[in-house]
Amino acid sequence: MHLTAEEQSWLAGDAGPARQWAIEHQMRVGRYLGAIDLVPVSQAHIMADTESLGPAGVDWLERLAALPPDQRRARIPTITDPRGTDFAAAARLKQQDWMVSLERRTVAAFESMGILMTDTCINYQTIMPAIRNEHMAYGDTGVVIYSNSVLGARSNFEGGPSALAAGLTGRTPRYGYHLDQHRNATLLIRVADTPHELHDWGALGALVGQLAGDYWQVPALIGIDRVPTSDELKHFGAALASFGSVALFHMIGITPEAPRLQDVADPAMPERATFGTDVLAAFQARYTSNIDTVDVVVFAAPQLSLLELQTLSRMLDGRRARTPLLVVTSPQVKPDADRMGITARIEASGGLVLSGMCFYQSYARELAEANGWQALATNSAKLVNILGGYGYRPVLLSMQHCVDVACSGRIAR
Amino acid sequence: MIVLRAEAGMGRRVRGRALVAKDGFSARYDLDRINGIFSRPEHKLAGRSYVGRVLVLDAAKGGVATAWMLHEMAARGVMPAALVLNRVNPIMVQGAALADFTMISGFAQDITQAVPDGATVEVDPGSDPPELRVLSEETPPPPSPSRKRRGL
Chain A
-3 MHLTAEEQSW
7 LAGDAGPARQ
17 WAIEHQMRVG
27 RYLGAIDLVP
37 VSQAHIMADT
47 ESLGPAGVDW
57 LERLAALPPD
67 QRRARIPTIT
77 DPRGTDFAAA
87 ARLKQQDWMV
97 SLERRTVAAF
107 ESMGILMTDT
117 CINYQTIMPA
127 IRNEHMAYGD
137 TGVVIYSNSV
147 LGARSNFEGG
157 PSALAAGLTG
167 RTPRYGYHLD
177 QHRNATLLIR
187 VADTPHELHD
197 WGALGALVGQ
207 LAGDYWQVPA
217 LIGIDRVPTS
227 DELKHFGAAL
237 ASFGSVALFH
247 MIGITPEAPR
257 LQDVADPAMP
267 ERATFGTDVL
277 AAFQARYTSN
287 IDTVDVVVFA
297 APQLSLLELQ
307 TLSRMLDGRR
317 ARTPLLVVTS
327 PQVKPDADRM
337 GITARIEASG
347 GLVLSGMCFY
357 QSYARELAEA
367 NGWQALATNS
377 AKLVNILGGY
387 GYRPVLLSMQ
397 HCVDVACSGR
407 IAR
Chain B
107 MIVLRAEAGM
117 GRRVRGRALV
127 AKDGFSARYD
137 LDRINGIFSR
147 PEHKLAGRSY
157 VGRVLVLDAA
167 KGGVATAWML
177 HEMAARGVMP
187 AALVLNRVNP
197 IMVQGAALAD
207 FTMISGFAQD
217 ITQAVPDGAT
227 VEVDPGSDPP
237 ELRVLSEETP
247 PPPSPSRKRR
257 GL
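Protein sequences appear in the order of chains A and B.
Here the first sequence is numbered in our numbering, starting from -3 and rising by one per residue.
Here the second sequence is numbered in our numbering, starting from 107 and rising by one per residue.
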């Protein structure tokens, strides 16, 4: 890989061991994936919940954080994905002290490195959205796919270590979706019925993701007959990235790089599949059979926007949840929800509004064991994809249906 | 001996028994990392232990957590010996780089069809190109019992 003189000095250790590790890491990754050099990036976004880090990862971060300030500070704006807890609610969730302790140590380490603890996976709605062709080092697959596809940004999936390396160097290896040649569509899908509900958009994303199958596929969708909202594309993209490991999609006539099919694909490209209401319903039915009651209802993954919170609060007005009802949002949205009385309305109906965490990133297995949760209802297709491996029996329902289940304790059929 | 050449690799040369399936790999989605078994019910290796095995699978899947989790798994020693994939994503590469984990990927044929489950294999990322060598083919062993639960 070609390195600038400054990058070579970092590799030699002139800027200390943190930046030396970072550039070495980026070279290992870049060589594997065919990068010829590093590209400057505007922001880095780090996923680092402590279930993923473990004590070994926290120890490793603390060693970096113990370096002199000029050696440990991030060089570009560097923000964080959701944490593994909401400190204000950890006891209520029955999270253990050692989990909270690891989280606090991680926060302290990141803060000493000049990292902004935004604790959000919806930074494209709340912090500073990317602009078209802006190179980024984003963690969280949902952030990457939304930013690449809806905003026209350029980022690969950057796991926690690589996003941290990008924060320390201000660069990332130039491969994959930083390059024009990887941004063309590789498969074409017709949407026969434009989805209505958020979980329908998630189901569509899941189906496209299963068909795409890997990171290097770029689906293009035709047939969507209206401009989706940011929340709809948020759920679609999160599910597509989750089920397919996909980082970029195009919606013809909607997303910025694809005003026409010929802008991203050979117009003669054959359609690989058609997805309509019947197919989405069949997908959702996979997750509802043999489950009549649920132990917990969760709205998360991605964190809810202010508009989703308002919709949920209206659905809950005058009703009372009989099962635990967890609602997860970002630390940027939560104060607005508090100020506007939305949090109070949800919690008056028995819900619990959590901030800065995400359910599956918060020791989901231990939460299940401590609280006796197994059957879980959600409107997040991404969440149902993840939680099976954690021992849950997840059910994918609409937001309204989830509210009904929370209030009745049963799944109406 | 069958020799299968890969497009890219990293880590040290290792030998072990192959655990093979035409399915994906994600540390967060697919594994019970405490007990060292595949835990997602829909996964073709559900219930089987991955500890010390050379995993031969189709594609890297899931989210970004694997980038940290391989390092965490290595620190506790509840870890595969190596990962062999038809197709990687950046997360798997980043995780292998941090954990100093052996991984090779990219073959001319479907690697999950070319290697018998249970075969003894050698993964050599340092050869040019990286190679997977099938040293002997054996009858697949019965599924390993779950490891005793360990705290993080």
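We put the beta carbon where it would ideally sit given N, CA and C, even for glycine.
These numbers come from a predicted model, not from an experiment.
Closest by C-alpha distance to E362/A, out of G80/A, A44/A, V204/A, A237/A, is G80/A. Annotated three-state conformation of V96/A is helix, per DSSP. In this structure, the alpha-carbon of T325/A lies about 30 Å from that of E253/A. The Cβ atoms of A188/B and V221/B do not sit closer than 8 Å to each other. Excluding the 5 residues flanking it on each side, M43/A has same chain C-beta neighbours closer than 6 Å at D77, G135, D136, G156, in chain order. Excluding sequence positions up to five before and after M107/B, its CB lies within less than 8 Å of the CB of R239, V240, L241, all in the same chain and listed in chain order. At least one C-beta of chain B is nearer than 8 Å to the C-beta of A52/A. Against chain B, a Cβ distance below 7 Å from L49/A picks out W174, E178. Per DSSP, the continuous beta strand (DSSP E) segment holding A371/A begins and ends at 371 to 374.
Residues of chain A whose Cβ lies closer than 7 Å to the Cβ of E148/B are, in chain order, G384. In chain order, L322 place their CB closer than 6 Å to the CB of L348/A, counting only its own chain and leaving out the 5 sequence neighbours on each side. Here T168/A is near V35/A, since their CB atoms are less than 8 Å apart. Around the beta carbon of I143/B, 16 or more other beta carbons lie within 10 angstroms, which makes this residue buried. Our two residues, S376/A and C354/A, have alpha carbons roughly 12 Å apart in a direct line. Among the residues facing chain A, A187/B is not included, as its CB has no counterpart in that chain under 8 Å away. Residues of the same chain with their beta carbon placed closer than 7 Å to that of A181/B are lacking, with the five preceding and five following residues left out of the count. For Q200/B, a Cβ of chain A is located within less than 8 Å of the residue's own Cβ. The beta carbon of P236/B lies closer than 6 Å to those of A112, G115, I210 in the same chain, with the five residues before and after it left out. Burial check for G169/B: the Cβ neighbour count within 10 Å reaches 16 or more, so the residue is buried.
In summary, E99/A is buried, with 16 or more beta-carbon neighbours lying within 10 Å of its beta-carbon over all protein chains present. R389/A is bridged by DSSP to A371/A. Among the residues of chain A, none has a CB under 7 Å from the CB of A225/B; the nearest is roughly 25 Å distant. Going by C-alpha positions, E267/A is about 28 Å away from F131/B. Judged by DSSP in its simplified three-state form, R170/A adopts coil rather than helix or strand. Residue burial is scored here from C-beta neighbours: I32/A has fewer than 16 other C-beta atoms within 10 angstroms and is therefore classed as exposed. Contact with chain A is absent for K128/B, since none of that chain's Cβ atoms lies less than 8 Å from the residue's Cβ. Residue pairing by DSSP places I185/A opposite L217/A, A269/A in a beta bridge.
Less than 8 Å divides the Cβ of N152/A from the Cβ of A243/A. Between the beta-carbon of V187/A and that of I220/A there is about 5 Å, and that keeps the pair under the 8 Å contact cut.
DSSP, reduced to helix, strand and coil, places R335/A within a helical segment of the structure shown.
Excluding residues up to 5 positions away in sequence, P298, Q299, S326 lie with their Cβ nearer than 6 Å to the Cβ of I118/A in the same chain. R256/A carries a coil assignment under DSSP once its states are collapsed to helix, strand and coil. Straight through space, the alpha carbons of L372/A and S145/B are spaced by roughly 17 Å. Beta-carbon to beta-carbon, M109/A and R71/A are separated by about 11 Å, too far to satisfy the 8 Å threshold. With its beta carbon less than 8 Å from one in chain A, V170/B belongs to the interface. Rounded to the nearest whole angstrom, the C-alpha separation of E20/A and D262/A is 39 Å.
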